[in-house]
Each structure stands twice: as C-alpha cells, then as structure tokens.
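A.B. asks: The working numbering numbers the first residue of the sequence shown as 1316 and each following residue consecutively.
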Amino acid sequence: MAVMRLWHGRVPIEKADEYEKFLIERAVPDYGSVDGLLKLYFMRKDEEGVAHFLLVTIWDSMESIKKFAGENPEIAKYYPEDDDFLLEKEKYVQHYRIFYEG
1316 MAVMRLWHGR VPIEKADEYE KFLIERAVPD YGSVDGLLKL YFMRKDEEGV AHFLLVTIWD
1376 SMESIKKFAG ENPEIAKYYP EDDDFLLEKE KYVQHYRIFY EG
C-alpha cells in the first residue's frame, strides 16, 4: 500500500501567514510535479507565538518519495526561502506504511 510522509516545522506567528502562502505557491507545485504523489495535506496550528506546520503527503511508494526527496528520503527537503521563516530545520521526516484505509 501507500506511504505517508510527515514533516513538521515551526515559524514565528508573525511570519505564519506569509509562510502559509509560500508553501501553497512554492511547495505545492513542487510536490505535485512528482509522479506517485497521491494526496497532500498542509496543516497549521497556532499556539503561544509559534505556528506549527505539519505537511502530510501520501505517496504510492518509497521510490516515488525518493524522486521528490532524493536518495536519502528520511532527510527533510528544504527550500532556500525556508531560512527566512523557520525557527529551526528539523533534520528528519517520518515515514509510515499505510496498511489500512477505511
């Protein structure tokens, strides 16, 4: 079955709206350009001056994820612009094999 890829990032709340727009304009087309992407969910949660972004993407295989992220797909992929927004760059993403979908 499919593979879920999870990435998390934290942005100062005053930059969160701009980062949200950046993700939609820059990241969404990048993800969408890769064959094997089945679904994507970009989510945001604001708390105590920080916006948490959780990007959940569903792929048909690890091979497709490698087309997007490179040969070490467990390493997070970043854009140069992320330096202007993120409080830190988490090194790793998480992958989960989807074994059931209801």
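Heads up, the beta-carbon is just placed ideally off N, CA and C, and yes, glycines get one too.
(1) Which first and last residues belong to the beta strand (DSSP E) in which Gly1417 is found?
(2) For Pro1344, which option in Phe1414, Leu1402, Leu1369 and Tyr1394 has the closest C-alpha, if you only look at C-alpha atoms?
(3) I need the straight-line Cα distance from Ile1390 to Ile1328, nearest angstrom please.
(4) Report the rounded CA-to-CA distance for Ser1376 versus Leu1370, giving the unit in angstroms.
(5) Considering only the alpha carbon of each residue, which of Phe1357, His1410 and Trp1374 lies closest to Phe1336?
(6) Where does the unbroken beta strand (DSSP E) through Val1343 begin, and where does it stop?
C.D. replies: If we stick to the structure as given:
(1) Counting along the chain, Gly1417 falls outside any beta strand (DSSP E), and DSSP gives it neither H nor E.
(2) Tyr1394
(3) In this structure, the straight-line span from the alpha carbon of Ile1390 to that of Ile1328 is close to 25 Å.
(4) 17 Å
(5) The sequence as given places Lys at residue 1336; Phe does not occur at that position. Checked all of Phe1357, His1410 and Trp1374; the closest Cα to Lys1336 is Phe1357.
(6) Looking at the DSSP string, Val1343 is not in any beta strand (DSSP E); the run it does join, the alpha helix (DSSP H), is Val1343 to Gly1347.
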